[in-house]
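J.: After the structure tokens below, expect a handful of questions from me.
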Amino acid sequence: EHRRDSREHMVRESLQDRELGGCPRESPSFHSRFTTLTITREPRSTHGAKDGAVGSSQGCASASSGAATATAALFEPGRDGQTPQVVVLVGAPGMGKTTMVRKVMVEWGEGTLHTQFDFVFCIDCKAIALPTEASVADLVSQCCPGLRVPAGKVLDDQKKILFIFDGFEALGFSLVQPEAELSSDPREVKPLELTVMSLLKKTVLPEASLLITMRPTALGSLRQCLKGECYVEIVEIVGFSAARREEYFHRYFENPNKADTAFRFVRGNEILYSLCVIPVMSWTICTVLEQELCGKKNLLECSRTTTGMMMFYLSQLLKHRDRDNPQVLQQFLLQLCSLAAEGIWKHKVLFEEKEIKDCGLDQPSLLPFFLNERIPREGEDHGSVYAFTHLHLQEFFAAMFYILEDDGKMVSSLGRLEKDVNRLLESYKFRKDLKVTVQFLFGLVSQKSIEYMDKNIGCSISPRAREELLEWLQGRHRGLSQPDQALKVSEMDTFHFLFEMNEKSFAQSALGHFTDLDLQDIKLTLYDQMALSFCIQHWAGLGCITFQGCSFHWQDPEAELDASVPCSGVSGTGGHPDALVVRRREELPCPIHLLCRALQHRDSALQVLRLQWCRLSESCCAELAALLAEHPGLSCLELADSSLGDSGVRLLCEGLRTPGCRLRILR
217 EHRRDSREHM
227 VRESLQDREL
237 GGCPRESPSF
247 HSRFTTLTIT
257 REPRSTHGAK
267 DGAVGSSQGC
277 ASASSGAATA
287 TAALFEPGRD
297 GQTPQVVVLV
307 GAPGMGKTTM
317 VRKVMVEWGE
327 GTLHTQFDFV
337 FCIDCKAIAL
347 PTEASVADLV
357 SQCCPGLRVP
367 AGKVLDDQKK
377 ILFIFDGFEA
387 LGFSLVQPEA
397 ELSSDPREVK
407 PLELTVMSLL
417 KKTVLPEASL
427 LITMRPTALG
437 SLRQCLKGEC
447 YVEIVEIVGF
457 SAARREEYFH
467 RYFENPNKAD
477 TAFRFVRGNE
487 ILYSLCVIPV
497 MSWTICTVLE
507 QELCGKKNLL
517 ECSRTTTGMM
527 MFYLSQLLKH
537 RDRDNPQVLQ
547 QFLLQLCSLA
557 AEGIWKHKVL
567 FEEKEIKDCG
577 LDQPSLLPFF
587 LNERIPREGE
597 DHGSVYAFTH
607 LHLQEFFAAM
617 FYILEDDGKM
627 VSSLGRLEKD
637 VNRLLESYKF
647 RKDLKVTVQF
657 LFGLVSQKSI
667 EYMDKNIGCS
677 ISPRAREELL
687 EWLQGRHRGL
697 SQPDQALKVS
707 EMDTFHFLFE
717 MNEKSFAQSA
727 LGHFTDLDLQ
737 DIKLTLYDQM
747 ALSFCIQHWA
757 GLGCITFQGC
767 SFHWQDPEAE
777 LDASVPCSGV
787 SGTGGHPDAL
797 VVRRREELPC
807 PIHLLCRALQ
817 HRDSALQVLR
827 LQWCRLSESC
837 CAELAALLAE
847 HPGLSCLELA
857 DSSLGDSGVR
867 LLCEGLRTPG
877 CRLRILR
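Note that the sequence shown covers residues 217 to 883 in the numbering used here.
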């Protein structure tokens, strides 16, 4: 009974005042929020290994199949039957290390996992005020000041104890200490670094287990410290698998309809969906979409662009960091953006430690939030290698490079890169890998972005690039149109760029000289259709629209819309694990709903609408009939190779019979 009470008390102490994976909102149930992370593990090392290695190569990625599996795997026996005594959990900021620690504590407190331990002491190295001198017994008392069992008695049975150091790098002391000064008595008071080193080196409580979470930055020195010690395993968190991303959305929103709506929106946006591999980015996007869904049934009028979500993410990263010295932060961001842009130009995603130092980015309080240090393999003797947390983040910072105000004196370690927006745009003709960078460039120079960056991040954005972007958009499509033909827009990315800026006046100026829209053989995602809808509504001179061989999708084209989709552990309406989230086809509008709605705006000059070989079905006919009845200028409608059926044609005929119909040609 004492042990049960102690266990409950330790869990309460551990979870008190701690954030859930970086999220400020607390959930009524931890299990209802926890989504299993994908981990990779290095081959384990054993005491007495020939080379004393902690691990020599990277293991294969393993996506755990159940919500408890990932944490259970932290202390499971290896093939030789031995259980690791030290587990090092490595991951970049926002990858979910603290969340996994909380999961371990909750499962242990409930008695569902890790029952081999009678006592688990969790030390939050980032938050707890540790004394300069302490014994192991003092650490136990500080972790759980209300513990009923005396600390001395707790330490008697070493095998039953697990110490957790969360955010180990925050301790900040050297891991090189004279072995003669290490302690063997858990009650002996020593400088804190010697006490912790004694636990790591197993001179005190040699049979106790340790779970250490840390960023990759300090892994090299910890690996050296643990060399030749007892059974050690290094585990890296690599984020959410594709299936877990959708599961996370259902766990976050709880309401299945809202979760479906939000995930469908993200799934149609390649950039956002790819970024959701990072748990804290999934939280960021869900937080923004939750605000958008307040009082709405859908996200078709979502005012947040991809750039807007990236800026919100950046503002969260920088919250309370170097606010007292904005010049340091500004200079850091300038150098970071320079590094990102140089990398994008040179197809470079990995950066040597020397490059980081030459750029002045070796600032421990800022660097880990933007660049991951690649976990070094045992035996590698070269310096550290860094990469941005995600390629799209590198592309975002590369776009910032071109529009951030600076004093003009900045030179990167890779050579001076001029802030030449025209060069970037001209290069895009031949290098389509620059598309995301260009898209972010449009988003960053919107008036909303300029104001947001100044207010929330303290960065000044130059609006000068707006004119260059406008001239480039107008010029590229004039060049694509034949001299004797109408001026037409035939590149889907134009609509992405204008939608990313999300300014009515800019879209009107960019499209004002064109009369035709012509797209061929494109699978139009929900994001594509939202971009088209925005542009069509602000395109006063649009007279002819041609979609040839295009298909309209409201979610992943490969997903079955009317299937019952099992989401393991996701609560449906009844709140039970393994409930099925059922999506029905009738819950979604017809495929061309956004197109037809956009064409009904007052200033539409449309005369010709061609939907050729677009696999339209009966479900589209009601929307088309309404368009025929209400559009004052539509005179030609072509629906080649569509499967409308008799009932679909009857609906079209109803539209043709209305007094407002001006159609002259139906093919």
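Cβ atoms here follow ideal geometry from the backbone N, Cα and C, with glycine treated the same way.
Going along the chain, which residues of its own chain have a beta-carbon closer than 7 Å to the beta-carbon of GLU385, five neighbours each way excluded?
T.: Position 169 of the sequence shown, counted from the start, is the residue given in the question as residue 385. Here the set comprises MET430, ARG431, THR433, ALA434.
J.: Judging by CA-CA distance, which residue of VAL565, GLY383, GLU611, HIS769 is the nearest neighbour of LEU832?
T.: Locating residue 832 in the sequence shown gives position 616, where the first residue counts as 1. With distances taken between Cα atoms, LEU832 lies closest to HIS769.
J.: May I have the straight-line CA-CA distance separating PHE617 from MET746, to the nearest angstrom?
T.: Against the sequence shown, residue 617 aligns to sequence position 401. Against the sequence shown, residue 746 aligns to sequence position 530. One alpha carbon belongs to PHE617, the other to MET746, and they sit about 28 Å apart.
J.: Quick check: what's the CA-CA separation for MET316 versus CYS492?
T.: Here residue 316 is taken as the residue at index 100 of the sequence shown, counted from 1. Here residue 492 is taken as the residue at index 276 of the sequence shown, counted from 1. So the alpha carbons of these two residues sit roughly 18 Å apart.
J.: Shortest alpha-carbon distance to GLY436 belongs to which of GLU349, LEU609, VAL304?
T.: Residue 436 sits at position 220 when you count from the first residue of the sequence shown. When only C-alpha atoms are compared, the closest one is VAL304.
J.: Between the region 472-487 and the region 287-297, are three or more C-beta pairs nearer than 8 Å?
T.: In short, these stretches do not touch, since the Cβ pair count stays below three.
J.: Can you tell me which of LEU660, TRP688, VAL661, LEU607 puts its alpha carbon nearest to the alpha carbon of SER643?
T.: The residue you call residue 643 lines up with position 427 of the sequence shown. SER643 has its Cα closest to that of TRP688, out of LEU660, TRP688, VAL661, LEU607.
J.: Please state whether DSSP places THR523 in a helix, a strand or coil.
T.: As a working note, residue 523 is residue 307 in the sequence shown. Note: THR523 maps to helix in three-state DSSP.
J.: Taking Cβ to Cβ, would you say LEU633 is nearer than 8 Å to VAL654?
T.: Counting from one through the sequence shown, the residue named residue 633 turns up at place 417. Counting from one through the sequence shown, the residue named residue 654 turns up at place 438. The answer is no: Cβ separation not under 8 Å.
J.: Using three-state DSSP, classify PHE807 as helix, strand or coil.
T.: Working through the sequence shown from its first residue, we reach residue 807 at position 591. It is worth fixing the name first, because residue 807 is Pro in this sequence and not Phe. Here PRO807 sits in coil by DSSP.
J.: By a C-beta neighbour count over all protein chains shown, 10 Å radius and 16 as the cutoff for buried, is ASN718 buried or exposed?
T.: Taking the sequence shown and counting its residues from 1, one reaches residue 718 at position 502. Classification for ASN718: buried.
J.: When every heavy atom of the ligand PLP is checked, does at least one fall within less than 7 Å of the C-beta of LEU882?
T.: The model on display carries no ligand, and the ligand PLP is accordingly not part of it.
J.: Note down, one range per segment and in chain order, each alpha helix (DSSP H) of at least 4 residues found wholly within the region 731-772.
T.: 742-753
J.: Just the Cα atoms here: how many angstroms apart are ILE494 and TYR668?
T.: Within the sequence shown, numbered from 1, the residue matching residue 494 stands at position 278. Within the sequence shown, numbered from 1, the residue matching residue 668 stands at position 452. In a straight line, the C-alpha of ILE494 is about 23 Å away from that of TYR668.
J.: Around the Cβ of SER749, are there at least 16 other Cβ atoms within 10 angstroms (buried) or fewer (exposed)?
T.: Taking the sequence shown and counting its residues from 1, the one referred to as residue 749 is at position 533. Flag for SER749 reads buried.
J.: Please report the distance separating the alpha-carbon of LEU825 from that of LEU815.
T.: Here residue 825 refers to the residue found at position 609 of the sequence shown. Here residue 815 refers to the residue found at position 599 of the sequence shown. The alpha-carbon atoms of LEU825 and LEU815 are separated by roughly 10 Å.
J.: Three-state secondary structure (DSSP) at TYR464?
T.: Taking the first residue of the sequence shown as position 1, residue 464 is located at position 248. Residue state, collapsed to three classes: helix.
J.: So, under 8 Å CB-CB, ALA556 and GLN610 are touching, yes? Tell me the CB distance rounded to an integer number of Å.
T.: Counted from its first residue, the sequence shown places residue 556 at position 340. Counted from its first residue, the sequence shown places residue 610 at position 394. With a Cβ gap of about 5 Å, ALA556 and GLN610 count as contacting.
J.: Report the three-state DSSP secondary structure of PRO407 (helix, strand or coil).
T.: Here residue 407 is taken as the residue at index 191 of the sequence shown, counted from 1. Three-state result, PRO407: strand.
J.: What first and last residue would you give for the beta strand (DSSP E) that runs through MET430?
T.: Counting from 1 along the sequence shown, the entry for residue 430 is found at position 214. Its beta strand (DSSP E) spans residues 425-430.
J.: Assuming LEU714 contacts CYS751 (C-beta within less than 8 Å), just tell me the rounded distance between them.
T.: Position 498 of the sequence shown, counted from the start, is the residue given in the question as residue 714. Position 535 of the sequence shown, counted from the start, is the residue given in the question as residue 751. With a Cβ gap of about 5 Å, LEU714 and CYS751 count as contacting.
J.: Return the CA-CA distance between LEU882 and PRO875, expressed in angstroms with no decimal places.
T.: One-based indexing of the sequence shown puts residue 882 at position 666. One-based indexing of the sequence shown puts residue 875 at position 659. About 17 Å.
J.: Rank GLY297, GLY307, THR251 by C-alpha distance to the C-alpha of ARG257 and give the top, closest one.
T.: Mapped onto the sequence shown, residue 257 falls at position 41. Selected option, being the one with the closest Cα: GLY307.
J.: DSSP state of THR252, grouped into three classes?
T.: As a working mapping, residue 252 is identified with position 36 in the sequence shown. Of the three classes helix, strand and coil, the one that applies to THR252 here is coil, per DSSP.
J.: Assign ASP744 to one of two classes, buried (16 or more other C-beta atoms within 10 Å of its C-beta) or exposed (fewer than that).
T.: Position 528 of the sequence shown, counted from the first residue, corresponds to residue 744. By the neighbour-count rule (16 or more Cβ atoms within 10 Å), ASP744 is buried.
J.: What's the C-alpha gap between TYR529 and ILE738?
T.: The sequence position of residue 529 within the sequence shown is 313, counting from 1. The sequence position of residue 738 within the sequence shown is 522, counting from 1. Roughly 31 Å between the two C-alpha positions.
J.: Keeping to the same chain, check which residues put their C-beta closer than 8 Å to that of SER964; ignore five residues upstream and five downstream.
T.: The first residue shown for the chain is 217 and the last is 883, placing residue 964 beyond what the model contains.
J.: Considering only DSSP beta bridges, list what TYR644 is partnered with.
T.: As a first step, residue 644 is located in the sequence shown; it is residue number 428 there, counting from the start. Looking at the DSSP assignment, TYR644 forms no beta bridge with any residue, so it has no partner.
J.: For LYS562, does the three-state DSSP call read helix, strand or coil?
T.: The residue you call residue 562 lines up with position 346 of the sequence shown. LYS562: coil per DSSP, three-state reduction.
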